[in-house]
Amino acid sequence: MINNQNHDTIKFSEAFQQLKDKNIYLWGARNAGLGIKKVLVRNNLKFVGYIDSSPLVNEDIYHERCYTPDVFFNSQYEKHKSFIIITTRSFGPEITQICKNAGLIEGEDFYNLSTIQKFEYLIQPTNYCNLSCISCSFGITKSLRKPCNMSVKTFGQLLKKILAEDPFVGTIDLFGLGEPLLNPDIDKFIRICNENNIGCGISTNLAISGDITKTILAEPTWIRISVSGWGDNYEITHQGGKWTTLYSNLLKLKELKDKHQLSTTIEIFFLLYKNRIQDYYKFRILCEKLNFVCRPIHANILSLEMVDNILRGKEVPNEIKTAQQMIVNSVEKTHELALESKSFPCEYYSIMRISSDLSVAFCNCYSEGIVAENFMKISASEIESIRRKSIKCKKCMERGYHRYYQTVFDEPLIDHNE
Ligand code: SF4
Ligand code: SF4
Numbered sequence: 001m002i003n004n005q006n007h008d009t010i011k012f013s014e015a016f017q018q019l020k021d022k023n024i025y026l027w028g029a030r031n032a033g034l035g036i037k038k039v040l041v042r043n044n045l046k047f048v049g050y051i052d053s054s055p056l057v058n059e060d061i062y063h064e065r066c067y068t069p070d071v072f073f074n075s076q077y078e079k080h081k082s083f084i085i086i087t088t089r090s091f092g093p094e095i096t097q098i099c100k101n102a103g104l105i106e107g108e109d110f111y112n113l114s115t116i117q118k119f120e121y122l123i124q125p126t127n128y129c130n131l132s133c134i135s136c137s138f139g140i141t142k143s144l145r146k147p148c149n150m151s152v153k154t155f156g157q158l159l160k161k162i163l164a165e166d167p168f169v170g171t172i173d174l175f176g177l178g179e180p181l182l183n184p185d186i187d188k189f190i191r192i193c194n195e196n197n198i199g200c201g202i203s204t205n206l207a208i209s210g211d212i213t214k215t216i217l218a219e220p221t222w223i224r225i226s227v228s229g230w231g232d233n234y235e236i237t238h239q240g241g242k243w244t245t246l247y248s249n250l251l252k253l254k255e256l257k258d259k260h261q262l263s264t265t266i267e268i269f270f271l272l273y274k275n276r277i278q279d280y281y282k283f284r285i286l287c288e289k290l291n292f293v294c295r296p297i298h299a300n301i302l303s304l305e306m307v308d309n310i311l312r313g314k315e316v317p318n319e320i321k322t323a324q325q326m327i328v329n330s331v332e333k334t335h336e337l338a339l340e341s342k343s344f345p346c347e348y349y350s351i352m353r354i355s356s357d358l359s360v361a362f363c364n365c366y367s368e369g370i371v372a373e374n375f376m377k378i379s380a381s382e383i384e385s386i387r388r389k390s391i392k393c394k395k396c397m398e399r400g401y402h403r404y405y406q407t408v409f410d411e412p413l414i415d416h417n418e
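Okay, structure coming up:
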């Protein structure tokens with residue numbers, strides 16, 4: 001039987017009551033922020049603008065105002081009238097501190113998203129991937145798994161359960177491990193999200209040979225395309241991907257977006273390996289031409305089990321050994337940096353990565369291991385509680401692993417090291 005934890009539901013209604021007459025600002029103008037804006041709009045709450053300090057965010061984003069923290073506090077903030085929702089989980093503790101330093105009171109003047117939206121959901125339309133990226137333990141071990149696609153009916157039921165349990169959900173990620181565009185019904189998944197006024201994001205390698213038209217015309221909220229090099233370099237690190245296929249799909253994406261005036265935000269996610277900075281600049285120029293966002297991040301080894309193997313001197317696949325030679329910050333260095341924030345709480349307890357067979361990953365940072373066999377038969381709160389009490393999480397935090405990918409996500413590192 002599903003335990004829905006009534007106290008969470010009361011918290012939601014209290015939150016609605018509190019937000020009712022406020023001018024609401026969303027701190028974090030990325031995809032989570034866009035999703036929460038949808039929640040506010042569908043509940044007739046007053047969204048005013050975004051706050052974001054990232055140099056990657058323009059003054060206006062998604063056709064809405066976006067203020068830097070300085071401008072916001074100097075010209076926009078009005079005590080008792082303004083209310084901030086911090087939409088980024090990764091930088092939640094830092095932003096909370098900034099708000100407190102400005103004299104704001106948590107719960108009265110601002111919330112962290114986790115106060116009202118308990119969980120994040122990644123739904124994998126398929127567990128199969130067409131590529132074997134050299135840093136991805138999931139991709140290079142794909143032959144060990146039986147391919148499985150989620151059906152449209154199952155997806156609809158899943159979404160219904162999520163919304164019943166967690167009414168503040170603004171965005172669903174239609175990806176996890178595997179290439180979502182390989183599910184032939186992915187366009188229907190997107191349309192179901194749109195019909196329910198839920199934002200949806202797709203992270204894809206876009207190096208697929210099939211026609212992408214119907215997926216793009218379904219109009220997901222955002223699409224992220226992961227790349228790691230230009231031309232031949234791309235094919236080395238995105239192993240199995242064809243540069244010409246990727247490039248022509250990028251142009252096709254632009255053509256479809258313009259022709260049909262789609263609102264979808266398109267983002268290139270550039271995974272930066274050593275000696276690839278020139279490739280990144282080429283992508284920046286391409287993105288300017290195509291009007292896509294270009295976001296760099298350091299490439300690193302994907303999955304904590306592989307990171308753990310490396311740190312303990314255990315054997316790893318050859319692809320991972322190659323990736324180790326090519327990443328800017330070694331696994332050891334990244335771990336060293338992660339240990340500096342070891343005392344921070346884990347941000348991954350609340351992330352539900354639901355596979356195409358409905359099993360739930362024990363943790364989004366690991367490619368193997370499940371916490372529940374069927375998400376339809378257990379509540380997200382119960383899953384979180386199992387994780388919190390587990391020995392696996394205890395050991396992970398003792399080793400500072402829970403901060404490993406937070407360290408990788410730290411954008412400024414790119415400028416320091418390249
Ligand atoms: S990183 Fe993504 S695209 Fe690459 S192999 Fe892994 S799942 Fe596939
Ligand atoms: S403590 Fe480690 S294993 Fe547990 S949820 Fe966090 S990152 Fe995952």
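So the sequence shown is residues 1 to 418, counted in full-length UniProt numbering.
Just so you know, even glycine gets a beta-carbon here, dropped at the ideal spot from N, CA and C.
Contacts around residue i, its chain only, beta-carbon distance under 7 Å, and the 5 residues preceding and following it disregarded
i           : result
Phe168      : Phe12, Val39, Ile116 and Gln117
Ser209      : Thr245
residue 421 : As displayed, the chain neither begins before 1 nor continues past 418, which places residue 421 out of reach and without an answer.
Pro296      : Phe270, Leu272, Tyr280 and Ile414
Distance cut-off 8 Å: residue i Cβ against heavy atoms of ligand 1
i      : result
His238 : yes
Gly178 : yes
Asn112 : no
Ile212 : no
Gly229 : no
Ile140 : yes
Asn74  : no
Asn43  : no
Cys129 : yes
Cys193 : no
Ser143 : no
Ser209 : no
Ser135 : yes
Exposure of residue i, with buried meaning 16 or more beta-carbon neighbours within 10 Å
i           : result
Glu315      : exposed
Glu347      : buried
Asn258      : Looking at the sequence provided, one finds Asp at residue 258 rather than Asn. It is exposed - the Cβ of Asp258 has fewer than 16 other Cβ atoms within 10 Å.
Phe409      : exposed
Ala164      : exposed
His260      : exposed
Ile285      : exposed
residue 459 : Outside the shown range of the chain (1 to 418) lies residue 459, about which nothing can therefore be said.
Lys46       : exposed
Thr221      : buried
Ile74       : Going by the sequence as given, residue 74 is Asn instead of Ile. Exposed is the call here.
Lys37       : buried
Asp166      : buried
Val41       : exposed
Glu373      : exposed
Any non-hydrogen atom of ligand 2 closer than 8 Å to residue i Cβ
i      : result
Cys346 : yes
Lys392 : yes
Leu304 : yes
Met397 : yes
Arg65  : no
Cys363 : yes
His402 : yes
Neighbourhood of residue i by C-beta, 8 Å cutoff - its chain only, sequence neighbours within 5 removed
i           : result
Arg191      : Ala218
Asp109      : Lys79, Ser82, Phe83, Ile84 and Cys99
Gln406      : Ser90, Ala338, Ser341, Phe344 and Glu347
Ala15       : Tyr111, Thr115, Ile116 and Phe168
residue 419 : Residue 419 lies beyond the range of the chain shown here (1 to 418); nothing can be said about it.
residue 428 : No statement about residue 428 is possible, as the shown extent of the chain runs from 1 to 418 and does not include it.
Nonlocal neighbours in the same chain, by C-beta distance under 6 Å from residue i, ignoring five residues either side
i      : result
Leu304 : Cys365, Tyr366 and Tyr401
Thr88  : Gly28
Met150 : Pro125 and Ser356
Asn309 : Val316
Ser132 : Gly139, Ile140, Gln239 and Gly240
Ile2   : Reliability fails at Ile2, whose pLDDT of 39 lies under 50, so the model's placement of it is uncertain and no value is given.
Cys136 : Leu302
Gly35  : Gly170, Thr171 and Gly199
Cys393 : Arg387
Thr9   : Low confidence applies here, because Thr9 scores a pLDDT of 46, under 50, leaving its location unreliable and the question unanswered by this model.
Cys287 : Ile268 and Cys294
Leu122 : Asp173, Gly176 and Arg353
Ile95  : Trp27 and Ile86
Check: On the three-pair Cβ rule with 8 Å, is the region 87 to 102 touching the region 231 to 242?
Finding: no
Item checked: Segments of 3+ residues assigned as beta strand (DSSP E) that fall wholly inside the region 282 to 317 -> 293 to 298
Note to self: Which complete beta strand (DSSP E) runs does the region 58 to 105 hold, if anything under 3 residues is left out?
What the structure shows: 64 to 67 and 82 to 86
Next item on the list: Could you tell me whether the region 221 to 236 touches the region 193 to 213, where touching means 3 or more Cβ pairs closer than 8 Å?
Entry: yes
Next item on the list: Assess, as a yes-or-no matter, whether the region 323 to 334 is touched by the region 112 to 131 under the definition of 3 or more beta carbon pairs within less than 8 Å.
Entry: no
Note to self: Could you check whether the region 182 to 199 touches the region 119 to 131, counting it as contact only if at least three pairs of C-beta atoms, one from each stretch, sit closer than 8 Å?
What the structure shows: yes
Checklist line | Completely contained alpha helix (DSSP H) runs for the region 147 to 191, where each covers 4 or more residues | finding: You should have 152 to 165.
Checklist line | Minimum length 4: unbroken alpha helix (DSSP H) runs contained in the region 10 to 51 | finding: 31 to 42
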